[in-house]
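Novice: Chains as they are written, first to last, in numbering that gives the first Met the number 0: chain A, 0 to 377; chain B, 0 to 377; chain C, 0 to 272; chain D, 0 to 272; chain E, 0 to 178; chain F, 0 to 178; chain G, 0 to 69; chain H, 0 to 69. Don't be surprised by glycine CBs; every beta carbon is placed ideally from N, CA and C. No experiment lies behind these values; they were computed from the predicted model shown.
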Amino acid sequence: MENKNIKLMQGNEACVEGALTAGMRFFAGYPITPSTEIAEISSLRLPKVGGKFLQMEDEIAGIAATIGASLTGLKSMTATSGPGFSLKQENIGYASIAEIPCVIVNVQRGGPSTGLPTSPAQGDIMQAKWGTHGDHPVIALSPSSVRETFDLTIKAFNYAEKYRMPVMLLTDEVIGHMREKIEIPTADEIEIIDRVKPESGLDKYNPYEVNEGELVPKMASYGEGYRFHVTGLVHDETGFPSNDSNVAGNLLDRLMKKIDNNIEDISLYEEYRIDDAETIIIAYGSTARSAKSAVDMAREEGLKVGLFRPMTIWPFLDKQITDVAKKADNIIVAEMNLGQYVNEVERVGNKYANISKCCKANGELITPDEILAKIKEV
Amino acid sequence: MENKNIKLMQGNEACVEGALTAGMRFFAGYPITPSTEIAEISSLRLPKVGGKFLQMEDEIAGIAATIGASLTGLKSMTATSGPGFSLKQENIGYASIAEIPCVIVNVQRGGPSTGLPTSPAQGDIMQAKWGTHGDHPVIALSPSSVRETFDLTIKAFNYAEKYRMPVMLLTDEVIGHMREKIEIPTADEIEIIDRVKPESGLDKYNPYEVNEGELVPKMASYGEGYRFHVTGLVHDETGFPSNDSNVAGNLLDRLMKKIDNNIEDISLYEEYRIDDAETIIIAYGSTARSAKSAVDMAREEGLKVGLFRPMTIWPFLDKQITDVAKKADNIIVAEMNLGQYVNEVERVGNKYANISKCCKANGELITPDEILAKIKEV
Amino acid sequence: MASALVENHFRSNKLPHIWCPGCGHGIIMRSIVEAIDELGYNKDDVCVVSGIGCSSRAPGYMDYNTLHTLHGRALAYATGVKMANPKLKVIVITGDGDCAAIGGNHLIHAARRNIDITTVVFNNNIYGMTGGQYSPTTPTGEKGTTAPFGNIDKNFDLCNLAKAAGATYVARATAYHANMITKLVKAGMENKGFSFVEAVSVCPTYYGRKNKKGDAVQMMRYLKDSSVNVKAAKKLPKEKLEGKFFIGEFHKVEEPEYTEQYQKIIDSFQKER
Amino acid sequence: MASALVENHFRSNKLPHIWCPGCGHGIIMRSIVEAIDELGYNKDDVCVVSGIGCSSRAPGYMDYNTLHTLHGRALAYATGVKMANPKLKVIVITGDGDCAAIGGNHLIHAARRNIDITTVVFNNNIYGMTGGQYSPTTPTGEKGTTAPFGNIDKNFDLCNLAKAAGATYVARATAYHANMITKLVKAGMENKGFSFVEAVSVCPTYYGRKNKKGDAVQMMRYLKDSSVNVKAAKKLPKEKLEGKFFIGEFHKVEEPEYTEQYQKIIDSFQKER
Amino acid sequence: MSNQYEMRLSGSGGQGLILGGIILAESALNDGKNAVQSQSYGPEARGGASKAEVIISDNNINYPKVRDCDMLLSLTQIACDKYIDSLKKDGVLIIDNSVAAPERDDIKIYSLPIIEIATEKIGKPMVANIVALAVINQITKITSNESLEKAVLKRVPRGTEEININALKEGYKLAEVNE
Amino acid sequence: MSNQYEMRLSGSGGQGLILGGIILAESALNDGKNAVQSQSYGPEARGGASKAEVIISDNNINYPKVRDCDMLLSLTQIACDKYIDSLKKDGVLIIDNSVAAPERDDIKIYSLPIIEIATEKIGKPMVANIVALAVINQITKITSNESLEKAVLKRVPRGTEEININALKEGYKLAEVNE
Amino acid sequence: MTTTNQKGLIINKNWCKGCGICVEFCPTNVLEMKDGKANIKDIDSCIMCKQCELRCPDYAIYLGGKKDGK
Amino acid sequence: MTTTNQKGLIINKNWCKGCGICVEFCPTNVLEMKDGKANIKDIDSCIMCKQCELRCPDYAIYLGGKKDGK
Ligand SMILES: Cc1ncc(C[n+]2csc(CCOP(=O)(O)OP(=O)(O)O)c2C)c(N)n1
Ligand SMILES: Cc1ncc(C[n+]2csc(CCOP(=O)(O)OP(=O)(O)O)c2C)c(N)n1
Ligand code: SF4
Ligand code: SF4
Ligand code: SF4
Ligand code: SF4
Ligand code: SF4
Ligand code: SF4
Ligand SMILES: [Mg+2]
Ligand SMILES: [Mg+2]
């Protein structure tokens with residue numbers, strides 16, 4: 000550790016460090032294993048940088064306060080695990096329709112319900128996209144290492160601010176609790192994106208007006224002199240509610256297009272030994288680490304195997320995964336659930352490749368051996 | 000209305016009548032448009048049959064009380080719409096893992112968030128399957144008429160009791176609020192299923208033991224002399240928590256197989272003018288009514304068009320929809336959202352047919368003309 | 000074409016509001032605005048947060064920073080707003096259902112923290128927005144669409160509850176006592192801490208109709224005739240208090256305010272540097 | 000190999016329990032069971048419902064109808080159980096976090112309805128299960144893993160809150176006062192309505208360690224030395240009460256019970272037929 | 000679908016038009032026909048304007064909403080202005096005589112003193128909806144008079160049967176005279 | 000993966016083994032190596048048993064869990080019984096001398112008075128974990144002694160540096176003697 | 000739609016929803032209901048006490064016509 | 000693991016977690032800690048007051064050996 004930027008760090012700690020680097024100045028949450036360290040470390044670190052930490056009465060209040068603080072100008076985050084993630088769903092929809100940037104961390108544990116509180120899982124993948132009622136845009140990222148937890152937390156804030164929406168970081172108990180080497184990048188290696196604010200002194204500020212060439216509406220903060228209105232009802236560009244079906248249609252359309260039109264910007268992934276691969280494993284989060292080991296083991300045995308590792312879980316990497324399917328004969332989706340992401344892979348890929356899954360949802364990380372066995376089976 | 004069983008009835012009312020017919024004796028909920036009539040009518044009708052109605056402090060308490068009452072022996076139901084459905088998600092997971100029969104009605108309205116509270120939508124289709132954290136079995140039914148609301152509510156109770164799980168009835172504002180002619184079937188036309196109870200006087204009752212040839216564990220009620228334990232943690236057949244990965248794996252496996260092994264029993268659908276159809280529309284709930292009109296209109300113009308109408312939304316009708324895809328050149332999925340069910344149709348069907356969608360999420364029911372236009376387009 | 004107060008403090012292009020004829024909510028909303036006017040706050044510094052309900056539609060008409068959140072969650076959002084910028088004068092407008100049914104937990108916890116937010120409950124003893132279901136403040140025995148045989152629940156005394164939970168200013172007035180609402184809201188805003196003002200409203204459309212309370216005028220008259228100022232109450236004989244409810248200031252204490260306490264932690268590190 | 004009480008009322012094959020050495024929860028659980036034993040209830044008629052937390056693990060060890068629910072939701076589940084079968088003697092076991100943080104709303108509403116449930120809060124002033132975060136009952140200034148600089152929240156007086164919300168029996172004892180817990184729980188169970196018993200517990204592992212309160216023995220000694228029976232308190236001079244908290248019965252009134260009131264509605268239709 | 004008859008009853012909240020729609024639908028059921036009734040909800044329903052829709056058919060009714068209607072009843076000016084465009088060519092417009100007749104010559108317009116009759120002849124402005132039902136039935140013949148009477152009696156509060164039957168009679172008279 | 004060294008430190012809660020694992024991992028980082036550390040959570044962690052796992056490698060470490068380990072430290076009998084089967088053939092077992100040596104002849108067993116040394120030589124039973132680290136390092140040579148010392152100093156509370164350095168020294172001595 | 004007068008009492012009939020509250024609580028009986036809206040019956044009696052303005056739920060009646068010079 | 004005696008005071012050492020509460024609150028100093036578990040030091044002093052049983056968080060010490068005839 001000659002280089003002072005090299006540290007041994009826990010995944011949950013890296014999440015907080017990444018958030019602080021991205022500019023987080025507000026955290027509100029409620030303790031729950033295995034995400035609790037994120038709250039604990041935030042409570043310790045935030046006041047030192049003039050930020051605010053709040054332990055609320057429950058997870059719902061946690062995300063609600065997070066959204067309120069973001070509207071008041073602070074980059075804000077909340078963190079939880081399964082049961083808390085379920086409770087936060089209604090508010091995720093609110094942040095989506097009202098376009099309030101915030102980061103929601105879910106350190107996944109064994110479900111359903113209280114399930115296996117201290118064991119890892121990747122059972123909330125589909126929930127991240129579909130957990131709240133109604134259609135809405137979703138960005139969810141999943142890191143495979145402590146360093147990547149740091150990086151993707153920053154990305155999560157950046158996307159949140161850039162696209163004015165809640166962004167989810169889906170990690171899991173393995174990544175959240177393990178400690179490993181991390182080299183903290185220097186400031187100039189890191190891109191930080193802030194929300195676009197209206198020029199001050201505007202006569203009239205329409206909080207939901209998007210002008211030619213703009214990605215999202217400019218976002219003022221409460222208290223800055225723009226006395227604007229925010230609601231979770233369908234609203235027009237002035238921010239006030241409307242029942243007009245055109246207004247409703249256009250609003251939803253615009254919300255979804257923030258993603259659809261910028262999909263490349265949001266597509267993060269890694270390809271590993273994929274070029275000549277006949278079998279490609281698709282895996283994310285901690286499972287991708289097992290998958291990488293499995294690929295190496297398979298290659299040692301002369302099997303042509305590669306790994307496609309999405310870091311962006313949502314939006315689904317349609318293009319890349321279609322390409323992967325076209326390239327490979329077999330695709331194996333390895334995930335710590337009973338088959339979630341694999342459904343989407345099938346949707347885009349089953350025209351082109353034979354798709355199977357290597358799934359486990361018993362509280363244990365899938366092992367390289369299990370994946371290797373599956374590789375040999377297909 | 001010579002026949003006294005013919006009535007003009009609102010969809011929400013038919014839901015309560017169906018529930019009472021199925022044996023509902025407990026309802027707990029919280030008002031929310033457009034589901035409120037279900038609570039209101041329940042409050043009026045239940046005490047007259049010795050049943051209990053509770054207006055709880057919120058939707059979470061509503062479903063929690065519902066589960067508690069079911070464990071104590073009463074057939075139980077709760078009803079809500081979008082925001083409330085999001086709030087109930089954590090408890091839906093609980094009922095799934097603890098295998099407590101109950102019926103959850105979601106009269107869908109425009110989302111996300113508060114959205115369009117008085118307008119129809121079908122935006123919670125995917126949420127019904129993926130809304131709670133972790134993998135879990137799901138049954139969700141969607142009626143297209145007032146009479147079918149009556150019938151499927153009974154089915155929902157039957158499935159809940161038979162498979163010991165929460166069952167969802169996904170209706171929408173159109174079906175819930177419209178009044179139409181309904182002929183109430185006579186008692187002998189209706190099948191009612193009750194949970195299987197342990198023989199009384201058992202020495203030892205393992206609340207989660209499934210014997211050879213049994214679908215689900217026998218279910219005792221609190222207060223009947225079996226002092227059993229129920230938890231939302233992963234548990235073994237005695238009902239007590241366990242961290243053992245085998246126990247966890249087996250439990251989840253058994254939960255999912257309740258559906259997988261009985262998929263035929265749960266598969267409800269209608270095929271309409273499908274035999275020679277080159278284009279088949281897939282639609283459910285109120286949208287299916289528009290689709291039926293569109294089919295008739297198209298047929299009048301000589302177009303070979305049919306309708307496949309799933310009444311069982313979850314589990315997904317894999318087999319039937321694969322068949323439909325094999326039969327047709329084109330499939331059009333019409334739904335009042337931005338494309339949800341269509342993803343699943345694509346997953347199983349895009350090897351065989353050209354799949355497109357006719358979607359709208361602006362608070363208005365899709366019209367027959369819109370579907371007809373789409374038919375002509377493909 | 001409205002009074003100077005209305006022109007100054009409302010988004011008058013949004014008026015008339017959606018409330019029914021004779022709904023008490025309009026009176027209370029005006030009284031709040033009057034309080035802000037009298038306090039001379041800069042409108043840019045005022046933030047009004049609400050949940051969902053007829054009452055919670057108020058902020059949409061008020062020319063401040065306004066936030067219409069989710070059913071029951073106004074206080075949780077407001078807590079985030081206030082913590083993020085303690086300079087803001089934060090007011091929460093909520094209904095009896097919003098505040099005391101689904102939002103009850105946020106109420107007691109905001110009170111407990113003594114965070115500097117003034118909460119005004121438009122208590123019409125019913126869920127107005129959803130069409131007349133009974134609420135946690137519907138008096139026992141009265142009817143709602145979900146209490147067709149009379150409500151068997153005991154109703155909350157919200158002021159008592161807020162006090163027990165930790166609010167440092169607690170008071171009640173009614174839509175009839177419009178000036179008193181203004182007075183109490185002013186006092187609440189000036190209290191550095193969590194202030195709770197119950198403003199008894201009327202819902203002629205649902206509560207009135209269901210319970211045969213007559214029209215808006217009769218309901219307003221009831222508010223006038225059945226309320227007794229706590230201060231006066233002490234001097235009155237018991238018979239005179241029967242069937243009456245109290246209005247006025249119930250509780251007022253000074254205690255450390257949440258955002259100030261948090262600032263002290265921040266400051267302790269500033270000094271360290 | 001355990002006492003007759005333990006053999007009779009516990010699932011002794013599940014013992015020893017998962018709680019840490021010296022955790023007060025074990026003492027309180029035993030005191031409850033003693034109450035049930037003394038009341039002579041049939042075990043089949045007793046239903047114990049809990050949420051999530053160390054405390055909420057209790058029902059798993061108790062040989063009754065037992066229900067381990069979700070964090071904060073025990074009272075809502077219990078309400079369903081009791082309504083479905085009013086003959087059951089329903090006890091809710093909950094922690095300070097479970098009952099007063101996430102579960103606060105269900106607490107005040109169950110109290111308001113005066114439904115016949117006896118709630119026993121194992122109040123250790125901390126979230127034990129998740130490793131020592133401060134709770135709504137952590138005294139101001141004390142530390143938790145999420146209050147590294149001392150808790151700035153004001154703590155609830157849970158008994159006060161329950162009373163204001165409508166509980167008809169309210170009392171407090173401590174893990175040191177094991178017999179008193181038994182006595183209060185018995186009285187609570189005999190009260191036809193919502194009974195609230197705060198049982199002050201100790202968490203040596205987290206609360207004790209974080210706040211340098213010594214080991215379990217020292218923490219038990221503190222409970223002994225710092226508590227004063229309300230009855231005795233009246234006779235004591237003020238100085239003697241400083242830094243002390245009260246135990247004993249705080250509140251006891253008779254009011255209509257919820258399930259009985261509901262039964263009356265049902266009966267009214269029975270007669271009609 | 001061609002034998003489907005689609006009707007829109009519009010006016011202000013409190014005029015009992017939703018009940019009117021329900022009665023009309025039940026009357027159709029009494030005739031052995033099919034009927035679907037729906038209404039406006041939400042702020043729209045709150046703000047004073049009120050609307051009920053009824054579709055009557057011999058066959059199944061699929062699409063349950065009324066778009067362009069065969070018959071429009073408007074008891075207030077606001078309602079008439081709002082919905083007049085949705086009335087089909089050759090459709091029937093029935094308006095209270097307090098409402099100004101729209102400038103359309105492709106429809107049949109009946110301007111009748113519905114509210115006045117209810118107020119003056121029956122002495123109860125609330126029964127304007129029942130008067131209107133009789134008018135509608137007389138003009139459109141959409142249901143039989145016996146069925147309508149039965150449907151009315153089933154839905155009105157006890158003790159008001161006679162008043163409502165009178166309202167029906169006055170309605171028929173009114174429509175006959177103006178036919 | 001072949002140059003990966005996988006270690007499991009087991010004992011009872013309060014023996015500081017998790018801190019031990021962290022120090023070991025940081026020591027490896029000081030050497031420029033990679034390391035992953037993880038530990039047991041939940042009821043397992045509550046019940047008194049405690050376990051820390053460390054993987055050290057020159058390369059990237061993918062799969063982060065220890066299954067069969069190269070080295071097992073057990074300070075209590077329960078821990079040893081629970082984990083002994085997970086020790087690889089030819090693996091190193093280090094046990095406190097209060098623990099009975101298991102019957103395996105395919106491994107190297109070091110039974111040392113770790114707790115005794117901490118208690119008696121240092122006077123602080125809490126530093127048994129640091130003594131153990133030195134023992135591990137001496138026997139396995141997995142990290143350099145300088146790196147370990149640096150790592151220890153970084154993690155122990157201020158004011159206890161000397162005691163801990165002494166603990167290291169005693170550990171080295173102990174292992175040397177018994178090597 | 001607006002009535003102005005020497006007391007500056009104004010009724011905005013577009014906003015008035017006809018609830019009758021102002022009429023009921025005017026201490027000097029200045030107001031009446033007419034065609035479902037509030038109406039000034041006897042302006043001379045008006046003592047400019049503002050009770051009507053305070054309690055009008057719809058801000059449809061207020062004193063201020065003169066102050067604003069309208 | 001079990002100690003029986005004339006007073007019927009029993010310690011289940013398998014269950015005892017060694018918290019020391021019984022030792023501390025025994026009024027007559029009957030008990031002691033030994034090898035991290037409660038131990039009977041002086042059974043003769045035992046007045047069978049049950050204080051230890053009442054407060055043992057783990058139900059590891061109790062009176063009753065005699066009653067049960069064990
Ligand atoms: C989560 C959720 N549950 C329920 C509703 C439906 N809902 C909207 S407003 C309301 C009650 C409003 O009552 P109150 O707060 O007293 O306000 P009022 O309308 O009486 O002024 C309810 C139940 C909702 N919008 N969201
Ligand atoms: C919805 C949800 N949020 C959070 C948690 C995590 N959690 C489990 S127990 C607990 C706190 C327990 O504290 P308390 O109720 O005081 O019980 P104790 O452990 O102190 O006895 C928390 C926050 C959870 N299981 N579910
Ligand atoms: S429904 Fe009641 S509360 Fe809502 S606006 Fe109408 S009168 Fe007011
Ligand atoms: S953590 Fe605290 S509350 Fe939980 S068992 Fe241990 S001592 Fe008891
Ligand atoms: S100002 Fe006073 S006197 Fe004049 S009209 Fe209004 S209430 Fe009457
Ligand atoms: S109080 Fe206002 S709304 Fe009511 S009648 Fe008078 S002016 Fe009209
Ligand atoms: S019974 Fe009493 S005297 Fe005997 S050991 Fe126990 S506490 Fe001591
Ligand atoms: S109180 Fe119980 S657990 Fe504690 S030392 Fe005594 S016997 Fe052991
Ligand atoms: Mg209300
Ligand atoms: Mg606690």
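#1: Using C-beta distances below 7 angstroms, list every residue in its chain close to GLY274/C, excluding the 5 sequence neighbours before and after it, in chain order.
#2: Return helix, strand or coil for GLU1/B, following the three-state DSSP convention.
#3: Taking the alpha-carbon positions, what's the THR75/E to GLY12/E distance?
#4: Mind listing which residues of the region 9–25 of chain D have their C-beta closer than 8 angstroms to chain H's C-betas, in chain order?
#5: Output the boundary residues of the beta strand (DSSP E) element that contains SER85/B.
#6: How far does the beta strand (DSSP E) with TRP313/A in it reach, from first residue to last?
#7: DSSP has HIS176/B in a bridge; who is on the other side?
#8: 8 angstroms is my cut-off, CB to CB: does ILE273/C come that close to chain D?
#9: Quick one, which of THR27/H, ILE46/H, VAL22/H and PRO26/H has its alpha-carbon nearest GLN5/H's?
#10: Is the Cβ-Cβ distance between ILE17/F and VAL35/F less than 8 angstroms?
#11: Which residues of chain A have a Cβ atom closer than 9 angstroms to the Cβ of ALA48/F, listed in chain order?
#12: Are the CB atoms of PRO33/B and GLU172/B nearer to each other than 8 angstroms?
#13: Would you kindly check if the distance between the Cβ of LYS81/E and the Cβ of ALA131/E is under 8 angstroms?
#14: Taking DSSP as the reference, what is the three-state secondary structure of GLU343/B?
Specialist: A quick look at the data gives this:
#1: A query on residue 274/C cannot be resolved here, the shown segment of chain C reaching from 0 to 272 and no further.
#2: Within the second sequence, residue 1/B is the residue found at index 2, counting from 1. At GLU1/B the pLDDT is 49, less than 50, meaning the model places this residue with poor confidence; the figure from the coordinates comes in the next sentence. Coil, per DSSP.
#3: On the fifth sequence, position 76 is the one that residue 75/E refers to. On the fifth sequence, position 13 is the one that residue 12/E refers to. The alpha-carbon atoms of THR75/E and GLY12/E are separated by roughly 10 angstroms.
#4: Here the close residues are PHE9, LEU14, PRO15, HIS16, TRP18, CYS19, PRO20, GLY21, CYS22, GLY23, HIS24 and GLY25.
#5: As a first step, residue 85/B is located in the second sequence; it is residue number 86 there, counting from the start. Segment 81–97 is the alpha helix (DSSP H) holding SER85/B; no beta strand (DSSP E) there.
#6: As a first step, residue 313/A must be located in the first sequence, where it is residue number 314. Per DSSP, the continuous beta strand (DSSP E) segment holding TRP313/A begins and ends at 311–313.
#7: Indexing the second sequence from 1 puts residue 176/B at position 177. Answer by DSSP bridge pairing: none, since HIS176/B is not bridged.
#8: What the structure shows of chain C is the stretch from 0 to 272, and residue 273/C is not part of that stretch, so it cannot be assessed.
#9: Here residue 5/H refers to the residue found at position 6 when the eighth sequence is read from its first residue. Ranking THR27/H, ILE46/H, VAL22/H and PRO26/H by Cα distance to GLN5/H puts ILE46/H first.
#10: Position 18 of the sixth sequence, counting from 1, holds the residue named residue 17/F. Position 36 of the sixth sequence, counting from 1, holds the residue named residue 35/F. Their beta carbons are not under 8 angstroms apart, which means ILE17/F does not touch VAL35/F by this criterion.
#11: Counted from its first residue, the sixth sequence places residue 48/F at position 49. Per Cβ cutoff of 9 angstroms: no residues; ALA48/F is ~14 angstroms from chain A at best.
#12: Along the second sequence, read from residue 1 onward, the residue named residue 33/B stands at position 34. Along the second sequence, read from residue 1 onward, the residue named residue 172/B stands at position 173. Their beta carbons are under 8 angstroms apart, which means PRO33/B touches GLU172/B by this criterion.
#13: Here residue 131/E corresponds to residue number 132 of the fifth sequence, with the count starting at 1. Here residue 81/E corresponds to residue number 82 of the fifth sequence, with the count starting at 1. Cβ atoms of ALA131/E and LYS81/E: not closer than 8 angstroms.
#14: Working through the second sequence from its first residue, we reach residue 343/B at position 344. Helix, per DSSP.
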